[in-house]
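Residue numbers (my numbering), protein chains in the order written: chain V, -13 to 341; chain B, 1070 to 1439.
Where is the CB? At the ideal position from N, CA and C, for every residue including glycine.
Treat the numbers as computed from the prediction; the structure is a model and nothing was measured.
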């Protein structure tokens, strides 16, 4: 290609196959935003329709011989596999334990399935499995069954893990995204965006150094202390992919209420804020793996907040907003200047800005 | 963060807003040029802090929005070639071409990669000698020096598998085109602070003199925007009383000098030359863009791949032309938020985070009567 003529090629510039979003799965369908919601609504819900699934909570709660059993499943495809503050093994425990905990359940047992690409390092596999074992033991859950599949080189991306968890929901606890009522308070257990930025900083091509650690942690003991303060918590969610904004939007939509967030009350570590400024990202959409949002009746909010702050994983907890009748289905933000804007759910992944 | 917190200070912002109310006696139409400024105005509700008579209209300074449809189509066609790695700034990926976008091309198997800096594309070319790496080099004067440096480095290193699909636009010719237009309503401009960081304020002197229009170079934080508005309003009100001529002022002094960044201008001039340029939604503007110089022809994807000329029409319903010229607000569009949303954008201003339509959709649709 040393001369200007270079490679002579005559090809048709009109796109050969225009692709409406409905014909192809895009990465954005896995982002936790609007495209993910569309996929669930159009493909999965009609296929499996039943009242338990229709609740669309992080876990299913079913009645078995008078016991309320919580079940959840989650697949982990994080890249890189090892990151500051955790790895795919610990994340696979925390993610599933947290999905159970958000239903108020005490997590009991996990399954773990490994999809491994041919050629994957045995040493790294050992490290991941050890980390998974340690995280499970710290969380007080046992891995009681599993599965292993190996796929051909190039047909996987190193390692994927799926974990399924079951737990028991104590009597009197009833948490669901459709239970938020006007006047309720919105509580957040701590600073946002740490996990997403810690991962991003490790990605190839992003040359910025940071001390930010993933917040990956099992939240069930925090949940237990909160429920101990009052069993009348309406809803809990962990704002993982899609971040705080997607979680609040889901609650607003499911409960048909508006949620107003006070911008100045959002706990964000300075390093995360700075990294987001540089990269053109909004921390409200960045993933967390060790945080929860709780919707609490106004009269119980102070007690729940205190219980959270007494727990190491909730030390930076804040009341960040209020549920309201107005703007049903929308999340709005009160800015420090007294103006109001929408906090929208993203269509797909956040894309870094040009400048 | 230093240089951020003090420019988001509630007390200072509200004091500036009060001063604008105090100074203004009549309606004024002001345009912020840059999409980053539009984004700040919408995100913080700056327009709601202004007196009713002061209207902010949103200019053409969203690089993603004004990149021609043809360039997006060319990028998609190149990306779909198995021998090509297409490297792009992130927010170009969702911009609709005439039939697809780069994210969908990626889902079809195209090797599309996001970079924060064009130098990453050069590195990718070095580590993939058997592939052709094409960098989608778009933007205003802000990105031009880094893009120029990538081409310079590629030439210096003797790379034969690196090229750039260039669509570069320049701000002053666009302001001139707006000002000569019969339909112009804009009485004062907030010039884009980052463009001026590179080029300096000096480029705007001619516009102020030729059209007797006040221009204030402004930053991107709420306090910056409010201060720039105040400076414009003061000039306009003073002239109303017969005091003083239109002036060029610099609000963004912490970043912008009169002459700008000279080494950056030097590398731009070495690699690029000024050329006619088509703007998406606006049309061709003479001498309003940059193309690679003849010495860099071997790094010009348009010439290397013999992409040829193509003309594609915008969807008829999209009013982005009027939006980008400040003639209409996004909410004046009959399909805003209905058939045109960030998930299914009809035009680029709905897709980019800096696009005026997306800013209204993301931040304001609760206050828009539907």
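Within the present structure, is the beta-carbon of residue 75 (chain V) separated from the nearest heavy atom of the ligand SAH by less than 8 Å?
Questions concerning the ligand SAH fall outside what the structure shown contains, since it holds no ligand whatsoever.
Considering just the uninterrupted stretch of the beta strand (DSSP E) at residue 1269 (chain B), what are its terminal residues?
Residue mapping note: residue 1269 (chain B) aligns to position 200 of the second chain, counting from 1. Taken as a continuous stretch (DSSP letters only), residue 1269 (chain B) belongs to no beta strand (DSSP E), as it is neither H nor E.
Looking at the unbroken alpha helix (DSSP H) that takes in residue 1190 (chain B), where does it start and where does it end?
Position 121 of the second chain, counting from 1, holds the residue named residue 1190 (chain B). Run containing residue 1190 (chain B): 1187 to 1196, per the alpha helix (DSSP H) assignment.
Would you mind giving the Cβ-Cβ distance between residue 1283 (chain B) and residue 1316 (chain B), rounded to the nearest angstrom? I have them listed as a contact below 8 Å.
One-based indexing of the second chain puts residue 1283 (chain B) at position 214. One-based indexing of the second chain puts residue 1316 (chain B) at position 247. Right, their Cβ atoms sit about 6 Å apart.
Let me confirm a value: residue -8 (chain V) is counted as buried when at least 16 other C-beta atoms fall within 10 Å, else exposed. Which label applies?
Here residue -8 (chain V) refers to the residue found at position 6 when the first chain is read from its first residue. Because residue -8 (chain V) sits at a pLDDT of 32, beneath the cut-off of 50, its placement in the model cannot be relied upon, and the point is left open.
Would you say residue 1241 (chain B) and residue 1199 (chain B) are within 9 Å of each other, going by their C-beta atoms?
Working through the second chain from its first residue, we reach residue 1241 (chain B) at position 172. Working through the second chain from its first residue, we reach residue 1199 (chain B) at position 130. No, Cβ-Cβ distance for residue 1241 (chain B) and residue 1199 (chain B) is not below 9 Å.
Within the same chain, show all residues whose beta-carbon is closer than 8 Å to that of residue 1271 (chain B), passing over the 5 residues directly before and after it, in chain order.
Numbered from its first residue, the second chain carries residue 1271 (chain B) at position 202. Here the set comprises 1327, 1328, 1329.
Comparing C-alpha positions only, which one of B:1214, B:1097, B:1122, B:1088 sits nearest to residue 1238 (chain B)?
Position 169 of the second chain holds residue 1238 (chain B). Checking every option, the nearest Cα to that of residue 1238 (chain B) belongs to B:1214.
Are residue 1369 (chain B) and residue 1359 (chain B) close, meaning C-beta to C-beta below 9 Å?
Counted from its first residue, the second chain places residue 1369 (chain B) at position 300. Counted from its first residue, the second chain places residue 1359 (chain B) at position 290. No; because the gap between Cβ atoms is not below 9 Å, this pair is not in contact.
Since residue 55 (chain V) sits in a beta bridge, which residues does DSSP pair it with?
Indexing the first chain from 1 puts residue 55 (chain V) at position 69. V:48, V:154.
Residue 1080 (chain B): buried (16+ other C-beta within 10 angstroms of its C-beta) or exposed?
To locate residue 1080 (chain B), count along the second chain from 1; it is residue 11. By the neighbour-count rule (16 or more Cβ atoms within 10 Å), residue 1080 (chain B) is not buried but exposed.
Using the Cα positions of residue 1412 (chain B) and residue 1160 (chain B), report the straight-line distance between them to the nearest angstrom.
Residue mapping note: residue 1412 (chain B) aligns to position 343 of the second chain, counting from 1. Residue mapping note: residue 1160 (chain B) aligns to position 91 of the second chain, counting from 1. When rounded, the distance between both Cα atoms is 14 Å.
Below 9 Å between beta carbons: does that hold for residue 1104 (chain B) and residue 1141 (chain B)?
Within the second chain, residue 1104 (chain B) is the residue found at index 35, counting from 1. Within the second chain, residue 1141 (chain B) is the residue found at index 72, counting from 1. No, the Cβ-Cβ distance between residue 1104 (chain B) and residue 1141 (chain B) is not below 9 Å.
For residue -2 (chain V) and residue 1154 (chain B), I'd like the C-alpha separation in whole angstroms.
Residue mapping note: residue -2 (chain V) aligns to position 12 of the first chain, counting from 1. Residue mapping note: residue 1154 (chain B) aligns to position 85 of the second chain, counting from 1. The pLDDT assigned to residue -2 (chain V) is 30, lower than 50, so where the model puts this residue is not dependable; a value taken from the coordinates is nonetheless given after this. Each residue's alpha carbon lies about 19 Å from the other.
Rounded to the nearest angstrom, how far is the Cβ of residue 1145 (chain B) from that of residue 1169 (chain B), given a contact under 8 Å?
Within the second chain, the letter at position 76 stands for residue 1145 (chain B). Within the second chain, the letter at position 100 stands for residue 1169 (chain B). Confirmed, Cβ separation roughly 6 Å.
Should the segment 1098 to 1113 of chain B be called in touch with the segment 1370 to 1379 of chain B, which here means at least 3 C-beta pairs below 8 Å?
Too few Cβ pairs lie closer than 8 Å, so no.
Determine the contact status of residue 19 (chain V) and residue 224 (chain V), defining contact as a CB-CB distance below 9 Å.
Mapped onto the first chain, residue 19 (chain V) falls at position 33. Mapped onto the first chain, residue 224 (chain V) falls at position 238. Not in contact: residue 19 (chain V) and residue 224 (chain V) (Cβ atoms no closer than 9 Å).
Over what stretch of residues does the alpha helix (DSSP H) that includes residue 1089 (chain B) continue unbroken?
By 1-based counting over the second chain, the position of residue 1089 (chain B) is 20. From DSSP, the alpha helix (DSSP H) with residue 1089 (chain B) extends over 1079 to 1092.
Start and end of the beta strand (DSSP E) containing residue 302 (chain V)?
Locating residue 302 (chain V) in the first chain gives position 316, counting from the first residue. Careful: residue 302 (chain V) lies outside any beta strand (DSSP E) and carries neither H nor E.
Compare the C-alpha of residue 1260 (chain B) against each of B:1434, B:1158, B:1435, B:1130 and name the closest.
Here residue 1260 (chain B) refers to the residue found at position 191 when the second chain is read from its first residue. Per the Cα distances, B:1130.
Below 7 Å on C-beta distance, what does residue 333 (chain V) contact in chain A?
Protein chains in the displayed structure are V and B, and chain A is not among them.
Pull out every residue of the segment 1166 to 1185 of chain B whose Cβ sits closer than 8 Å to any Cβ of chain V, in chain order.
So the close ones are 1166, 1167, 1168, 1169, 1172, 1173, 1175, 1176, 1177, 1182, 1183, 1184, 1185.
Apply the 10 Å Cβ neighbour rule to residue 264 (chain V) and answer buried if 16 or more other Cβ atoms are within range, or exposed otherwise.
Here residue 264 (chain V) refers to the residue found at position 278 when the first chain is read from its first residue. Looking at its Cβ environment, which holds fewer than 16 other Cβ atoms inside 10 Å, residue 264 (chain V) is exposed.
Where does residue 1091 (chain B) land, buried or exposed, given buried means 16+ other C-beta within 10 angstroms?
Stepping through the second chain from its first residue, residue 1091 (chain B) is reached at position 22. The residue in question, residue 1091 (chain B), is exposed, as its Cβ has fewer than 16 Cβ neighbours within 10 Å.
Can you name the residues of chain V whose CB is closer than 9 Å to the CB of residue 1114 (chain B)?
Along the second chain, one-based indexing puts residue 1114 (chain B) at 45. What residue 1114 (chain B) touches in chain V: 321, 323, 324, 325, 326, 327.
Can you tell me the Cβ-Cβ gap for residue 275 (chain V) and residue 226 (chain V), rounded? I've got them flagged as a contact below 8 Å.
The residue you call residue 275 (chain V) lines up with position 289 of the first chain. The residue you call residue 226 (chain V) lines up with position 240 of the first chain. Their Cβ separation, rounded to whole angstroms, is 6 Å, which keeps residue 275 (chain V) and residue 226 (chain V) in contact under 8 Å.
For chain B, check one thing: does any of its Cβ atoms lie closer than 9 Å to the Cβ of residue 242 (chain V)?
By one-based count along the first chain, residue 242 (chain V) stands at place 256. Chain B, which has no Cβ nearer than 9 Å to the Cβ of residue 242 (chain V), makes this no.
Alpha carbons only, please: which of V:125, V:182, V:99 is nearest the one belonging to residue 208 (chain V)?
Looking up residue 208 (chain V) in the first chain gives position 222. Out of V:125, V:182, V:99, V:125 has the C-alpha closest to the C-alpha of residue 208 (chain V).
Using only CA atoms, which one of V:86, V:82, V:318 lies nearest to residue 308 (chain V)?
Sequence index remark: in the first chain, residue 308 (chain V) carries index 322 (1-based). Cα-wise, what sits closest to residue 308 (chain V) is V:318.
Given residue 1295 (chain B), which residues of its chain have a CB within under 8 Å of its CB, disregarding the five upstream and five downstream residues?
As a first step, residue 1295 (chain B) is located in the second chain; it is residue number 226 there, counting from the start. Excluding sequence neighbours, residue 1295 (chain B) sits near 1082, 1085, 1086, 1089, 1115, 1118.
What residue from B:1417, B:1303, B:1287, B:1435 has the CA that sits closest to residue 1319 (chain B)'s CA?
Within the second chain, numbered from 1, the residue matching residue 1319 (chain B) stands at position 250. Ranking the options by Cα distance to residue 1319 (chain B), first place goes to B:1287.
Assuming residue 30 (chain V) contacts residue 146 (chain V) (C-beta within less than 8 Å), just tell me the rounded distance between them.
The residue labelled residue 30 (chain V) in the question sits at position 44 within the first chain. The residue labelled residue 146 (chain V) in the question sits at position 160 within the first chain. No, residue 30 (chain V) and residue 146 (chain V) are not in contact; Cβ-Cβ is about 19 Å, not under 8 Å.
List the residues of chain V that residue 1433 (chain B) touches, going by C-beta distances under 9 Å, in chain order.
In the second chain, residue 1433 (chain B) corresponds to position 364, counting from 1. Those within 9 Å of residue 1433 (chain B) in chain V are 327, 328.
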